[in-house]
Amino acid sequence: ELKVEQNPLFLSMQEGKNYTIYCNYSTTSDRLYWYRQDPGKSLESLFVLLSNGAVKQEGRLMASLDTKARLSTLHITAAVHDLSATYFCAVFGAGSYQLTFGKGTKLSVIP
Amino acid sequence: KAGVTQTPRYLIKTRGQQVTLSCSPISGHRSVSWYQQTPGQGLQFLFEYFSETQRNKGNFPGRFSGRQFSNSRSEMNVSTLELGDSALYLCASSLLGLGVTDTQYFGPGTRLTVL
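If you read the protein sequences in the order shown, they are chains A and B. Residue 6 is where the first sequence starts when you use the working numbering, and the numbers rise one by one after that. Residue 84 is where the second sequence starts when you use the working numbering, and the numbers rise one by one after that.
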């Protein structure tokens, strides 16, 4: 059974600082997704990572995938308050045809 | 371009009843996927439909079913409702579906409460 672990689950950071959210998964996969959810809102798709070494960047967010280590990172550069949200990673299990989500990282950026 | 719409937005049902939720994807999108979000279990994948065929399925009992029509609109049905089915149900549409470099666009969700 595919397990997806995100850490930290809660992150409070000051504006202007850098930080990284980690997403570990337990079985082989080459498809990983990152999503953002604002309080009381729906999900917003951020990145789709499809191969080992894939790196994608959008604004202050950069996501990478290491399939050998079964690890994806979401790096936040010079955080701003608008980035406050819950971030989820989700992994598509090879052969299982299921998408499994992490528990989410609640990010609070303090001015 | 209109976004993904879900109807109804809010629904209250009692145990044992059944419910049908609807999702209209962005025009031209052929994939619709469904998700359940609860405080206890978090986000869980229900299923994905592509061109009227169920392509992927999560670990949910047979009470949860879905279908997709030729215009790509999708419905999700839950029969014999249980208290634990109370959740936010999200659908997402995309052009090519899960597993490719394809952005998913989410609807606002349907909040189901089972009493």
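Backbone N, C-alpha and C fix where the C-beta goes; we use that ideal spot for every residue, glycine too. Since we're looking at a predicted model, the values are computed, not measured.
For residue i, the residue or residues it bridges with in DSSP
i, result
"V183(B)", "DSSP lists no partner for V183(B)."
"D71(A)", "L76(A)"
"Q11(A)", "C28(A)"
"Q42(A)", "L48(A) and T91(A)"
Delimiting residues of the beta strand (DSSP E) encompassing residue i
i, result
"Y30(A)", "Y24 to Y30"
"Q62(A)", "V60 to E63"
"E49(A)", "L48 to L54"
"R92(B)", "Per DSSP, R92(B) belongs to no beta strand (DSSP E) and is neither H nor E."
"K108(A)", "Here K108(A) belongs to no beta strand (DSSP E), and DSSP marks it neither H nor E."
Three-way DSSP call (helix, strand, coil) for residue i in this model
i, result
"D87(A)", "helix"
"E6(A)", "coil"
"Q103(A)", "coil"
"S17(A)", "strand"
"L198(B)", "coil"
"S34(A)", "coil"
"A103(B)", "In the sequence as displayed, the identity of residue 103(B) is Thr instead of Ala. Correct three-state label for T103(B): strand."
"T193(B)", "strand"
Listed by chain order, chain A residues near residue i by CB distance under 8 Å
i, result
"Q127(B)", "F106"
"G180(B)", "Going along chain A, no residue has its Cβ under 8 Å from G180(B), so there is no contact; the nearest lies around 11 Å."
"T186(B)", "S50 and V53"
"G141(B)", "Q103 and L104"
Residue i at chain C interface by Cβ criterion, 8 Å
i, result
"Y102(A)", "Included in the structure are the protein chains A and B, with no chain C among them."
Neighbour list for residue i in chain B, Cβ cutoff strictly below 8 Å
i, result
"E63(A)", "Residues of chain B passing the Cβ test: none, with the nearest at roughly 11 Å."
"S47(A)", "L173, F189, G190, P191 and G192"
"R36(A)", "L181 and G182"
"G109(A)", "G125 and L126"
"F97(A)", "L181 and G182"
Heavy atom of the ligand SAM within 7 Å of residue i beta-carbon
i, result
"Y102(A)", "What this structure holds is no ligand at all, so the ligand SAM is not there to describe."
Closer than 7 Å at the beta carbon, the chain B residues around residue i
i, result
"G58(A)", "Those within 7 Å of G58(A) in chain B number zero; the least Cβ separation is about 15 Å."
Within chain B, partners of residue i - CB distance below 9 Å
i, result
"F15(A)", "Within chain B, no residue comes near F15(A); the closest Cβ sits about 14 Å away, beyond 9 Å."
Q. Which runs of the beta strand (DSSP E) fall wholly inside the region 109-178 of chain B and span at least 3 residues, in chain order?
A. 114-121, 125-133, 136-140, 147-151, 157-161 and 170-177
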